[in-house]
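In the working numbering, the protein residues as written are 5 to 116.
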């Protein structure tokens, strides 16, 4: 499924709008979009901090974002991370929490 390449800062919030998404970079910047934004690979983990979601009064926050891998585009041998409708915020128990907010992701480069 085609999707936009995800760059640092492309996904800014979890589904609940309170969690801030931060990538943990594994590799030095190799591929950039819009001149200065580093494209992420599937090796980089997208961590969520500050989600305040509760289930029945108990905390059940988003802790990470799962994105799809490009099948035809690789960076340093790793598949590029792409944003598709299948992207999900996940809780610590891997329960799906909703779709991440990607309002600031670049909209020029699509990969499959």
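Every residue, glycine too, gets a C-beta built ideally from N, C-alpha and C.
Note: residue 41 is bridge-paired with 37 in the DSSP secondary-structure output. Comparing C-alpha distances from residue 27 to each of 38, 114, 100, 43 shows the shortest one belongs to 43.
For residue 9, the enclosing beta strand (DSSP E) has its first and last residue at 7–9.
Residue state for residue 18 is assigned as coil, using DSSP reduced to three classes. With contacts defined by Cβ atoms closer than 8 Å, residue 23 and residue 52 form a contacting pair. Judged by DSSP in its simplified three-state form, residue 109 adopts coil rather than helix or strand.
When C-alpha distances from residue 45 are compared across 77, 55, 109, the shortest belongs to 77.
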